[in-house]
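**Q** Here it is: the structure, laid out below.
Number of protein chains: 2
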Amino acid sequence: MNQHDLKNPHKELRSLLGTRFSTDDTVRDTHARDASHHQGALPNAVAFPKTNIEVSETVKICAKYNIPIIPYGTGTGVEGAAVATEGALCIALNEMNRILSVNADDRDVTVQAGVTRLQLNKHLVQLGTELHFPVDPGADASLGGMAATRASGTSAVCYGTMQDNVLGLTVITADGTVVRTGSRARKSAAGYDLTRLFIGSEGTLGIITETTLKLARLPEAIASAVCAFPTVDAAVNTVIELMGAGVSIARIELLDKLQMDAVNKYSGLEYEVAPTLFFEFHGSTHTVAESSKIAGTIASTHGSGDFRWATDETERKRLWQARYDSYYAALNRRPGSVGYVTDVCVPISRLAECIAKTKTVLKSSNLSATMLGHVGDGNFHVVFPLEPGNKDELAEAQQISEQIVDFALKMDGTCTGEHGIGIGKRAALKKEQGEAVELMRTIKHALDPQNLMNPGKIFL
Amino acid sequence: MNQHDLKNPHKELRSLLGTRFSTDDTVRDTHARDASHHQGALPNAVAFPKTNIEVSETVKICAKYNIPIIPYGTGTGVEGAAVATEGALCIALNEMNRILSVNADDRDVTVQAGVTRLQLNKHLVQLGTELHFPVDPGADASLGGMAATRASGTSAVCYGTMQDNVLGLTVITADGTVVRTGSRARKSAAGYDLTRLFIGSEGTLGIITETTLKLARLPEAIASAVCAFPTVDAAVNTVIELMGAGVSIARIELLDKLQMDAVNKYSGLEYEVAPTLFFEFHGSTHTVAESSKIAGTIASTHGSGDFRWATDETERKRLWQARYDSYYAALNRRPGSVGYVTDVCVPISRLAECIAKTKTVLKSSNLSATMLGHVGDGNFHVVFPLEPGNKDELAEAQQISEQIVDFALKMDGTCTGEHGIGIGKRAALKKEQGEAVELMRTIKHALDPQNLMNPGKIFL
Numbered sequence: 003m004n005q006h007d008l009k010n011p012h013k014e015l016r017s018l019l020g021t022r023f024s025t026d027d028t029v030r031d032t033h034a035r036d037a038s039h040h041q042g043a044l045p046n047a048v049a050f051p052k053t054n055i056e057v058s059e060t061v062k063i064c065a066k067y068n069i070p071i072i073p074y075g076t077g078t079g080v081e082g083a084a085v086a087t088e089g090a091l092c093i094a095l096n097e098m099n100r101i102l103s104v105n106a107d108d109r110d111v112t113v114q115a116g117v118t119r120l121q122l123n124k125h126l127v128q129l130g131t132e133l134h135f136p137v138d139p140g141a142d143a144s145l146g147g148m149a150a151t152r153a154s155g156t157s158a159v160c161y162g163t164m165q166d167n168v169l170g171l172t173v174i175t176a177d178g179t180v181v182r183t184g185s186r187a188r189k190s191a192a193g194y195d196l197t198r199l200f201i202g203s204e205g206t207l208g209i210i211t212e213t214t215l216k217l218a219r220l221p222e223a224i225a226s227a228v229c230a231f232p233t234v235d236a237a238v239n240t241v242i243e244l245m246g247a248g249v250s251i252a253r254i255e256l257l258d259k260l261q262m263d264a265v266n267k268y269s270g271l272e273y274e275v276a277p278t279l280f281f282e283f284h285g286s287t288h289t290v291a292e293s294s295k296i297a298g299t300i301a302s303t304h305g306s307g308d309f310r311w312a313t314d315e316t317e318r319k320r321l322w323q324a325r326y327d328s329y330y331a332a333l334n335r336r337p338g339s340v341g342y343v344t345d346v347c348v349p350i351s352r353l354a355e356c357i358a359k360t361k362t363v364l365k366s367s368n369l370s371a372t373m374l375g376h377v378g379d380g381n382f383h384v385v386f387p388l389e390p391g392n393k394d395e396l397a398e399a400q401q402i403s404e405q406i407v408d409f410a411l412k413m414d415g416t417c418t419g420e421h422g423i424g425i426g427k428r429a430a431l432k433k434e435q436g437e438a439v440e441l442m443r444t445i446k447h448a449l450d451p452q453n454l455m456n457p458g459k460i461f462l
Numbered sequence: 003m004n005q006h007d008l009k010n011p012h013k014e015l016r017s018l019l020g021t022r023f024s025t026d027d028t029v030r031d032t033h034a035r036d037a038s039h040h041q042g043a044l045p046n047a048v049a050f051p052k053t054n055i056e057v058s059e060t061v062k063i064c065a066k067y068n069i070p071i072i073p074y075g076t077g078t079g080v081e082g083a084a085v086a087t088e089g090a091l092c093i094a095l096n097e098m099n100r101i102l103s104v105n106a107d108d109r110d111v112t113v114q115a116g117v118t119r120l121q122l123n124k125h126l127v128q129l130g131t132e133l134h135f136p137v138d139p140g141a142d143a144s145l146g147g148m149a150a151t152r153a154s155g156t157s158a159v160c161y162g163t164m165q166d167n168v169l170g171l172t173v174i175t176a177d178g179t180v181v182r183t184g185s186r187a188r189k190s191a192a193g194y195d196l197t198r199l200f201i202g203s204e205g206t207l208g209i210i211t212e213t214t215l216k217l218a219r220l221p222e223a224i225a226s227a228v229c230a231f232p233t234v235d236a237a238v239n240t241v242i243e244l245m246g247a248g249v250s251i252a253r254i255e256l257l258d259k260l261q262m263d264a265v266n267k268y269s270g271l272e273y274e275v276a277p278t279l280f281f282e283f284h285g286s287t288h289t290v291a292e293s294s295k296i297a298g299t300i301a302s303t304h305g306s307g308d309f310r311w312a313t314d315e316t317e318r319k320r321l322w323q324a325r326y327d328s329y330y331a332a333l334n335r336r337p338g339s340v341g342y343v344t345d346v347c348v349p350i351s352r353l354a355e356c357i358a359k360t361k362t363v364l365k366s367s368n369l370s371a372t373m374l375g376h377v378g379d380g381n382f383h384v385v386f387p388l389e390p391g392n393k394d395e396l397a398e399a400q401q402i403s404e405q406i407v408d409f410a411l412k413m414d415g416t417c418t419g420e421h422g423i424g425i426g427k428r429a430a431l432k433k434e435q436g437e438a439v440e441l442m443r444t445i446k447h448a449l450d451p452q453n454l455m456n457p458g459k460i461f462l
């Protein structure tokens, strides 16, 4: 769409949103990419609505003029789901940042899509609720974006993913209708589960503008520890044994030797440079003590070093901040690089085998890569810091990623545990889900016949 | 469709299924209804496929001749979802009763749709796995039917509903395609969540033929108890306080005074005839002891009697069998009656209020009714034993049910916690979900353009 064609829609959008509609180059550039190597076009403009009605009216104008719509949260995704396409309007949700209601007795909250998880958790502390929203992808992502991506992260092994922690949504569909899904009831059998259909749909079926979320109680006791292992295999087998024994663990994260080195350098820490597990235990004082003890015993039978405990909150936060910064630490190994990150998830019994096969492939590659993962779920990532614009490197990373996906699919796993499909995993999705992708496409076409909602994402 | 029109399709179906295709009157009659008052037509025939391919071929024949399809599990539903419509073929899934794979290390299992939950749990014991499938609607329902209904039951407060315990499905869609959704990975962000779209779709989008289920560990310790209260209100406030305190409870069930009387008579027991809570605690010996103690303390502050503990497995099974038989015990209050049962679910903070309003309405009614519920989830039922064919009674029960639904919706609740929509809650669904129902209808039309998959269910 050329500038001439955009004159009328831009006039209407400016009339609707005033200064919260922008065609400024810097603003457009800021909303052109996510946190990965994926590159898109510049959006033609960026809208910053504050209400459901403003999103609805914006969508109606786009539908009228056939303008593609790219919803944008915090830009912390890594599969290109928020990357713009030619001629698109970016709808940024960050001004929809109000916490609409907190029901402490029912342990639920309703927030606008742009509210971030740290913003919500800070608010819950300020209210003195002793509740928190537990899904934790590391980045301070928006809760709407997390729902759209079906995000999870370090705490999913204990608290589940976004799929498990959303009671309902407000969604603006392709024709601008404001649709409310779900309720505040803890369970329901009321028709099709549209809530979960929109969770993980990456903006291709509608724009999530509000989420009603389940909250968890802050645990009575928390203990965090770091523990080094002689090999990745020893660490992974510790995880498999712990999960098999049903030990209650809130987080259990693997970082390989190179990743630990990167973390030490990036975060100014002095952990042993060895394959390492980061643990966190939540529960009653009794449960935490019992679980920690069992974890220590099992780890030592796999040749681990001692558990290095983070005893107070400051130290615990520092430890986990290092884990959260791992992606940026990995990129920092090669200043100026862009990240390419894999994301398979396999049944836990196959995890050691899948990681071993991956390590073998990485050894014969020219690329340097680190490995880390939410191993309690069977989910791990390989991070390649790539030279921007280097096509050979990108092709090699892609080829390795495809091999890892093939390993995972042969083990009844998935090509993406938590990052989504975006533009990066479209072929892998087809390989994994086969005929089911045609069903997804039928649903997409039915709900968005003009193909304006985040077009080009999920489907090839 | 008259007999002449059915000659060719019946010939083809008989050729496909042999003696597993039946037009016998008794067989048709057996598959004409569910466990409730809802009445349907006789299906024209009943098919008993054993494989995905046979279901697929059956569906293709139906599509070719425009024959409506009614999937049928164990007929234990209560909203008429399995009730036949004029000219329909009933596809009974009970011969698809094979357990296809058990992965004890990954705590998952894949079963055909006709496998019942008790069959599966018996098999898991026989294999010596120390695992069980925890979702427990009371009836020995088929796992495919439970998935199609998004069933839950007594243990949902601890283990979740079918929504939370299914990893993937095999579904035969309206054109006969065999579609596999999900994987064995514990989490995935791979495209639209078709698994959860089919869960609760009540056969209107396709026929679930296989389910891959999460299994739970058998708890180290189990304790069950029954405890009488002076009033329903005292019992409900005990539940609200226990849930608020985060006490770990596996089941917490309310039965009112009339229901306890019915249970005593039906199951030959001698419990006190008073509002009663049935408790079950699962976990480590320590956790169970701790939770039981707190529950006892909180209950006594609400004026409860003593906890009557079921100390061994036989006694525990007897206690819960009485709870499971409650529906039939309620109907037994009036021999020969048919059941009409309500199913609202509200946020826990509103439960006492919703039950109080319901009690007030019941008091001014001519109908006798009992009340029971999965109160830890905010879910409760009123059971009316109706005289078959008595239109006045049915109309009054319906009118009361609508009032209860209105109470629940005003409290951000849902018209159905676990029974589904079927034909009984179609108007209530529209009242509850509004615009979202139109989205559901769009999806239904896209996936089943001929409207042959369980037509007339969910949508008015």
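Which chain is which? The protein sequence lines are A and B, in order.
The first sequence begins at 3 in the numbering used here and counts up one residue at a time.
The second sequence begins at 3 in the numbering used here and counts up one residue at a time.
Ideal Cβ positions, reconstructed from N, Cα and C, are used throughout, including at glycine.
Under the three-state reduction of DSSP, which class applies to A/P70: helix, strand or coil?
**A** Counted from its first residue, the first sequence places residue 70 of chain A at position 68. Residue state, collapsed to three classes: coil.
**Q** In the stretch 413-425 of chain B, which residues sit with their C-beta less than 9 Å from some C-beta in chain A, listed in chain order?
**A** Hits within the stretch, in order: M413, D414, G415, T416, C417, T418, G419, E420, H421, G422 and I423.
**Q** Output yes or no for whether 9 Å exceeds the beta carbon distance between A/I72 and A/V85.
**A** If you number the first sequence from 1, residue 72 of chain A lands on position 70. If you number the first sequence from 1, residue 85 of chain A lands on position 83. Yes. Within cutoff.
**Q** Residues in the same chain with beta-carbon distance under 7 Å from B/K62, minus the five sequence neighbours each way, listed in chain order, please.
**A** As a working note, residue 62 of chain B is residue 60 in the second sequence. Closer than 7 Å at the Cβ level, and outside the excluded window around B/K62, lie G178.
**Q** Output the residue ranges of the beta strand (DSSP E) runs that lie fully inside the stretch 276-359 of chain B and measure 3 residues or longer, sorted by chain position.
**A** For the stretch 276-359 of chain B, whole beta strand (DSSP E) runs of length 3 or above, ordered along the chain, are 278-285, 310-312 and 340-343.
**Q** Quick one, are the C-beta atoms of B/A176 and B/L8 less than 9 Å apart?
**A** Locating residue 176 of chain B in the second sequence gives position 174, counting from the first residue. Locating residue 8 of chain B in the second sequence gives position 6, counting from the first residue. Going by C-beta atoms, B/A176 is not nearer than 9 Å to B/L8.
**Q** Check B/S24 in the structure and name its three-state DSSP category.
**A** As a working mapping, residue 24 of chain B is identified with position 22 in the second sequence. Correct three-state label for B/S24: strand.
**Q** Short check: CB of A/L145 to CB of A/L169, under 9 Å?
**A** Counted from its first residue, the first sequence places residue 145 of chain A at position 143. Counted from its first residue, the first sequence places residue 169 of chain A at position 167. No, Cβ-Cβ distance for A/L145 and A/L169 is not below 9 Å.
**Q** Would you grab the beta carbon distance between A/A192 and B/E440 for me? Rounded to a whole angstrom, and I think it's under 8 Å.
**A** Here residue 192 of chain A corresponds to residue number 190 of the first sequence, with the count starting at 1. Here residue 440 of chain B corresponds to residue number 438 of the second sequence, with the count starting at 1. Not really, about 15 Å apart at Cβ, beyond 8 Å.
**Q** Just verifying my parser: in three-state terms, what is the DSSP assignment at A/F231?
**A** Numbered from 1 along the first sequence, position 229 holds the residue referred to as residue 231 of chain A. Coil, per DSSP.
**Q** Closer than 9 Å, CB to CB, is B/Y329 near chain A or not?
**A** Counted from its first residue, the second sequence places residue 329 of chain B at position 327. No, because no Cβ of chain A sits closer than 9 Å to the Cβ of B/Y329.
**Q** Thinking C-alpha only, which one of A/F386, A/C417, A/R318 and A/L321 is nearest A/V346?
**A** Working through the first sequence from its first residue, we reach residue 346 of chain A at position 344. Among A/F386, A/C417, A/R318 and A/L321, the Cα nearest to that of A/V346 belongs to A/C417.
**Q** What did DSSP end up calling A/T163 once you bin it into helix, strand or coil?
**A** Numbered from 1 along the first sequence, position 161 holds the residue referred to as residue 163 of chain A. A/T163 falls in the coil class under three-state DSSP.
**Q** List the DSSP bridge partners of A/K216.
**A** Taking the first sequence and counting its residues from 1, one reaches residue 216 of chain A at position 214. Note: A/K216 sits in a beta bridge opposite A/D110.
**Q** DSSP state of A/I445, grouped into three classes?
**A** In the first sequence, the residue the question calls residue 445 of chain A occupies position 443. Of the three classes helix, strand and coil, the one that applies to A/I445 here is helix, per DSSP.
**Q** With a threshold of 9 Å between beta-carbons, can B/K216 be considered close to chain A, or not?
**A** Numbered from 1 along the second sequence, position 214 holds the residue referred to as residue 216 of chain B. With 9 Å as the cut-off, B/K216 does not count as an interface residue toward chain A.
**Q** Please determine if the stretch 331-348 of chain B and the stretch 278-291 of chain B are in contact, where contact requires at least 3 C-beta pairs separated by less than 8 Å.
**A** At 8 Å Cβ cutoff, the stretches do not touch.
**Q** Give the straight-line distance between the Cα atoms of B/T172 and B/Q114, rounded to the nearest whole angstrom.
**A** Translated into the one-based positions of the second sequence, residue 172 of chain B becomes position 170. Translated into the one-based positions of the second sequence, residue 114 of chain B becomes position 112. Rounded to the nearest angstrom, the two C-alpha atoms are 9 Å apart.
**Q** Assuming B/L102 contacts B/T112 (C-beta within less than 8 Å), just tell me the rounded distance between them.
**A** Translated into positions along the second sequence, residue 102 of chain B becomes position 100. Translated into positions along the second sequence, residue 112 of chain B becomes position 110. Rounded, the Cβ-Cβ distance is 4 Å, consistent with contact.
**Q** Alpha carbons only, please: which of A/N381, A/A331, A/L396 and A/S226 is nearest the one belonging to A/R318?
**A** The residue you call residue 318 of chain A lines up with position 316 of the first sequence. Of A/N381, A/A331, A/L396 and A/S226, the residue nearest in Cα terms is A/S226.
**Q** When you compare the stretch 407-427 of chain A with the stretch 352-359 of chain A, are there three or more beta-carbon pairs, one atom per stretch, that lie closer than 8 Å?
**A** Output reads yes: the stretch 352-359 of chain A touches the stretch 407-427 of chain A.
**Q** CA-CA distance, B/R198 and B/T25?
**A** Taking the second sequence and counting its residues from 1, one reaches residue 198 of chain B at position 196. Taking the second sequence and counting its residues from 1, one reaches residue 25 of chain B at position 23. B/R198 and B/T25: Cα-Cα distance of roughly 34 Å.
**Q** Determine, using beta carbons only, whether A/G422 and A/G79 come nearer to each other than 9 Å.
**A** To locate residue 422 of chain A, count along the first sequence from 1; it is residue 420. To locate residue 79 of chain A, count along the first sequence from 1; it is residue 77. Yes.
**Q** Would you say the beta carbon of B/D408 is closer than 8 Å to some non-hydrogen atom of the ligand FMN?
**A** Questions concerning the ligand FMN fall outside what the structure shown contains, since it holds no ligand whatsoever.
**Q** By DSSP, does A/V125 sit in helix, in strand, or in coil?
**A** The count along the first sequence starts at 1 and reaches residue 125 of chain A at position 123. Per the sequence shown, residue 125 of chain A should be read as His rather than Val. Helix at A/H125.
**Q** What three-state label does DSSP hand B/S250 in the structure shown?
**A** The count along the second sequence starts at 1 and reaches residue 250 of chain B at position 248. Note: B/S250 maps to coil in three-state DSSP.
**Q** Determine the burial state of A/R428: buried for a count of at least 16 other Cβ atoms within 10 Å of its Cβ, exposed for fewer.
**A** By one-based count along the first sequence, residue 428 of chain A stands at place 426. Buried is the call here.
**Q** How should B/P45 be labelled, buried or exposed, when 16 other C-beta atoms within 10 angstroms of its C-beta is the threshold for buried?
**A** The residue given as residue 45 of chain B occupies position 43 in the second sequence. Under this definition B/P45 is a buried residue.
**Q** Using a beta-carbon distance below 9 Å, is B/R188 in contact with chain A?
**A** Here the question's residue 188 of chain B lines up with position 186 in the second sequence. For B/R188, the answer is yes, since a Cβ of chain A falls inside 9 Å of its Cβ.
**Q** Which residues of chain B have a Cβ atom closer than 8 Å to the Cβ of A/V439, listed in chain order?
**A** As a first step, residue 439 of chain A is located in the first sequence; it is residue number 437 there, counting from the start. By Cβ distance, chain B contributes G193.
**Q** For B/P11, name the three-state secondary structure that DSSP assigns.
**A** Stepping through the second sequence from its first residue, residue 11 of chain B is reached at position 9. B/P11: helix per DSSP, three-state reduction.
**Q** Return the CA-CA distance between A/H383 and A/M373, expressed in angstroms with no decimal places.
**A** Residue mapping note: residue 383 of chain A aligns to position 381 of the first sequence, counting from 1. Residue mapping note: residue 373 of chain A aligns to position 371 of the first sequence, counting from 1. Near 6 Å, if we compare the C-alpha coordinates of A/M373 and A/H383.
**Q** Touching or not, the stretch 193-213 of chain B and the stretch 267-278 of chain B, by the rule of three or more beta carbon pairs under 8 Å?
**A** No contact exists between the stretch 193-213 of chain B and the stretch 267-278 of chain B.
**Q** Work out the CA separation of A/D327 and A/A94 for me, nearest whole Å.
**A** Against the first sequence, residue 94 of chain A aligns to sequence position 92. Against the first sequence, residue 327 of chain A aligns to sequence position 325. One C-alpha to the other measures close to 25 Å.
**Q** Have a look at B/I242, B/A230 and B/Y329 and flag the residue whose alpha-carbon is nearest the alpha-carbon of B/T278.
**A** Indexing the second sequence from 1 puts residue 278 of chain B at position 276. Here the closest residue by C-alpha is B/A230.
**Q** Taking only the alpha-carbon atoms, compute the straight-line gap between B/N167 and A/N68 and give it to the nearest angstrom.
**A** For this step, residue 167 of chain B is matched to residue 165 along the second sequence. For this step, residue 68 of chain A is matched to residue 66 along the first sequence. Their backbone Cα atoms lie some 41 Å apart in a straight line.
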